[in-house]
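Some notes on the structure that comes next.
Number of protein chains: 2
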Amino acid sequence: MRNTRSIPTLDDVAKKAGVSTATVSRCINTPDRVVQSTRTRVLKAVEALGYTPNFGARVMAAKRTFTIGAIIPTMENAIFARGLQAFQEELRNRGYTLLVSSSSYDPQIEEEQIRALVARGADGLLLIGYDRDPALYRYLERQAVPALVAWAYAPDVALPAIGFDNRAAMALLAEKVLTFGHRRIGVISGVIKGNDRAANRVMGIKDALAARGISPDTMTVIETPYGFENGEIAMTELMQSSTPPTVVMCGNDVLAAGALRGASLLGFGVPDDVSVTGFDDIELARVVTPALTTVHVPHREMGTKAATALIALVEGGQSVGAQELTITLQLRDTLGPPKNI
Amino acid sequence: MRNTRSIPTLDDVAKKAGVSTATVSRCINTPDRVVQSTRTRVLKAVEALGYTPNFGARVMAAKRTFTIGAIIPTMENAIFARGLQAFQEELRNRGYTLLVSSSSYDPQIEEEQIRALVARGADGLLLIGYDRDPALYRYLERQAVPALVAWAYAPDVALPAIGFDNRAAMALLAEKVLTFGHRRIGVISGVIKGNDRAANRVMGIKDALAARGISPDTMTVIETPYGFENGEIAMTELMQSSTPPTVVMCGNDVLAAGALRGASLLGFGVPDDVSVTGFDDIELARVVTPALTTVHVPHREMGTKAATALIALVEGGQSVGAQELTITLQLRDTLGPPKNI
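Protein sequences, first through last, are from chains A and B. Quick note: the first sequence uses full-length UniProt numbering, first residue 1, plus one each step. Quick note: the second sequence uses full-length UniProt numbering, first residue 1, plus one each step.
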């Protein structure tokens, strides 16, 4: 309704306030970026005319909407929460508002949300990982909406990205696990299809085995959607097999928290009877008992740098290339030597 | 850029495909709501003309954008995650896309985000709790953007809402705590200013005390932003006072998880030395050891009903009034009798 009725225009407001339409637009979109005196004058004109911002008019005036979209696979479990929080804080410092969509790890939903955010005028998009229909990247190029990939890093892919090498990170942890003497490794992985991060983490474990000349057959992999309950169920399955693993490496901290719970319910002590590792180092890793040994992802650094890089793309149109962040191991209390050594 | 260059219009596509502009708009916005044959015809016309949806034109054609905005206080800690997930699923069933903003519990940021979502053409908004500048409600009314309040319920406020009575819920838990014999009650509350849910939860505890003729002076309240670390710090402060509480009631499960950690680090057993309670019953409540006694909030039911109610507002324009959901106590392992009884 608000879009069809006749209303005072942005031009009317600009004339009355004696400023440019871009300034009016900015007063409405990002008041923090306008000096107080101008803001007051514009807002008085807005009130006097009964002007209600019409977003078509605003886009025409500003070219940009100062809105950034992010599509993340899930809002549950806080995997992306800390990084997104830092992303949003930095965007806000620069006068941009963040709108977030959650795809439930479903490519079809992600596509709908990308299109919706573009249709709503997003100046740029943050996407998690690389793995999606190439047609979507072409669509974004046609729409001239820059996209930045985060949470992953692939130097051989020509997309702007801020992330880390999931495969090398998990290989580093697996090497640590092998150093402890483990040879029967259980893996609880997220669903690999459509998720390059999950796929690369499993490959990282294989890399570490291969580097020591150990057959990947020593590894039992269960794939399951990320989730506490699913980690618990998978752990139960692994530990009730005829040759249970001495260590269970999980694709993220949420699965690992579930695995800890599963071990506890079965009466297995961690790490005395079985070791468990995670990935992400979200707050949950310190909440569980014992505290989780995991891969530390620099969530806040990634979020802040992603905001800077995406704004550079939006404002300058130049690609920032792919930037790799350093990951580290966070050794806590769930990884120890195998029982029978 | 994409908004200023000359491009084929929605009308062109509609003519070429032999359908109405509304149908074209729907094919682009919500393809699931259009039969396959029509969709194929429209998409062919889109491809042939090189049409790229211009959201101004789309809004003109559809009147609605089939986009719903939600502004939540935080994406961290998954407090709102489960409810939002159900909200999004139901919206999607009805052909709507959800865009989410997170305000970091900051009224100024929330206002910016409300305005940004309205400017981006949101058909309706989900807001958490009632407590905000009345000018914002007037702004939404002027913009003809319906808003639904969730996570709270106040029958005396004339706003559409789906929620629960935070005060009565916490009073129910406090009454349970008193039944166990506790009289020295520590409270770790979220920041009350601007947060009616936090305020009402503390009032609920006072109600339960008053109902038994117990002075509220038996209660020590620490206010702190929701967060695991903050719960831990507040717990330490409470337990190191000259007369430590026998039970610590927390404003949510995240604070309670931190409190459990604080108790553990100080060497206090839960519930033998001190009882701890939470609020929300998010997954975290089952992850911690011992498992948390808390107030169960029907997150998924609330999310689903909120979607139905908000769409009714958007499509029918009729208020759905305020609907109250039933909460229950989830008694697990962190509440027991006080030590010295």
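Backbone N, C-alpha and C define an ideal beta-carbon position, used for all residues, glycine too.
*Does DSSP classify residue 19 of chain A as helix, strand or coil?*
coil
*Spell out whether any CB of chain B is found under 8 Å from the CB atom of residue 61 of chain A.*
In this prediction, residue 61 of chain A has a pLDDT of 46, which is less than 50 and means its spatial position is unreliable; what the coordinates show is noted afterwards. No - not a single Cβ of chain B is within 8 Å of the one on residue 61 of chain A.
*From the beta carbon of residue 87 of chain B, is the nearest beta carbon of chain A less than 8 Å away?*
no
*asked:* Residues of the region 111 to 134 of chain A in Cβ contact with chain B at a cutoff of 9 Å, in chain order, please.
replied: 112, 113, 115, 116, 117, 118, 119, 120, 121, 122
_Taking a contact to mean a Cβ-Cβ separation below 8 Å, would you say residue 322 of chain A touches residue 154 of chain A in this structure?_
yes
*Going along chain A, which residues have a C-beta under 7 Å from residue 289 of chain B?*
289
*Report back the beta-carbon spacing between residue 13 of chain A and residue 42 of chain A to the nearest angstrom; my notes put them in contact at under 8 Å.*
7 Å
*Just the C-alpha distance for residue 109 of chain B and residue 102 of chain B, rounded to the nearest angstrom, thanks.*
8 Å
_beta strand (DSSP E) runs wholly inside the region 246 to 324 of chain B, at least 3 long, in chain order_ = 247 to 250, 275 to 277, 294 to 296, 322 to 324
*Say whether chain B places a C-beta atom closer than 8 Å to the C-beta of residue 319 of chain A.*
no
*Amino acids of chain B, ordered along the chain, whose beta-carbon sits closer than 7 Å to that of residue 307 of chain A*: Those within 7 Å of residue 307 of chain A in chain B number zero; the least Cβ separation is about 14 Å.
*asked:* What residue range does the alpha helix (DSSP H) around residue 202 of chain B cover?
replied: 196 to 211
*Which ranges does the alpha helix (DSSP H) cover as unbroken runs of at least 4 residues, wholly within the region 88 to 114 of chain A, from first to last along the chain?*
none
*Beta-carbon neighbours of residue 283 of chain B, restricted to chain A and to distances below 7 Å*: 228
*Comparing alpha-carbon positions, which option in A/308, A/179, A/227 lies nearest residue 212 of chain A?*
A/179
*Can you give the Cα-Cα distance for residue 129 of chain A and residue 293 of chain B, rounded to whole angstroms?*
38 Å
_For residue 96 of chain B and residue 314 of chain B, the rounded distance between their alpha carbons_ = 11 Å
*Option in B/169, B/269, B/238, B/122 with minimal Cα separation from residue 147 of chain B*: B/122
_I'd like to know whether the C-beta of residue 20 of chain A is nearer than 8 Å to at least one C-beta of chain B._
no
*Flag this pair as yes or no: are the beta carbons of residue 302 of chain A and residue 163 of chain A separated by less than 8 Å?*
yes
*Return the chain-ordered list of same chain residues with a C-beta closer than 8 Å to the C-beta of residue 176 of chain B, the five sequence neighbours on each side being excluded.*
329, 331, 335
_Contact belief for residue 131 of chain B with residue 230 of chain B at Cβ below 8 Å, rounded distance in angstroms_ = At roughly 21 Å, the Cβ-Cβ gap does not stay under 8 Å, so residue 131 of chain B and residue 230 of chain B are not in contact.
*Can you find a C-beta in chain B that's less than 8 Å from the C-beta of residue 26 of chain A?*
no
*Outcome for residue 61 of chain A when other beta-carbon atoms lying within 10 angstroms are tallied against a minimum of 16*: At residue 61 of chain A the pLDDT is 46, less than 50, meaning the model places this residue with poor confidence; the figure from the coordinates comes in the next sentence. Buried, since its Cβ has 16 or more Cβ neighbours within 10 Å.
*Establish whether the CB of residue 76 of chain A and some CB of chain B are separated by less than 8 Å.*
yes
*List the residues of chain B whose Cβ lies closer than 7 Å to the Cβ of residue 247 of chain A, in chain order.*
None at all; the shortest Cβ gap to chain B is about 21 Å.
*Compute the Euclidean distance between the alpha carbons of residue 289 of chain B and residue 199 of chain A, then round it to the nearest angstrom.*
32 Å
*Residue range of the unbroken alpha helix (DSSP H) whose run includes residue 231 of chain B*: 228 to 239
*Can you round the beta-carbon distance between residue 310 of chain A and residue 68 of chain A to whole angstroms, since I take them to be within the 8 Å contact cut?*
6 Å
_For the alpha helix (DSSP H) containing residue 141 of chain A, name the first residue and the last one._
134 to 142
*Quick one: does residue 33 of chain B have its CB under 8 Å from some CB of chain A?*
no
*Got a sec: which bits of the region 330 to 341 of chain A sit with their beta carbon under 8 Å from any beta carbon on chain B, in order along the chain?*
none
_Under 8 Å: do the region 278 to 289 of chain B and the region 213 to 227 of chain B share three or more Cβ pairs, one atom per stretch?_
no
*Can you pull the DSSP bridge partners for residue 189 of chain B?*
B/223
*Residue nearest to residue 98 of chain B in terms of C-alpha spacing, selected from B/339, B/307, B/317, B/333*: B/307
*Shortest alpha-carbon distance to residue 106 of chain B belongs to which of B/299, B/225, B/317, B/236?*
B/225
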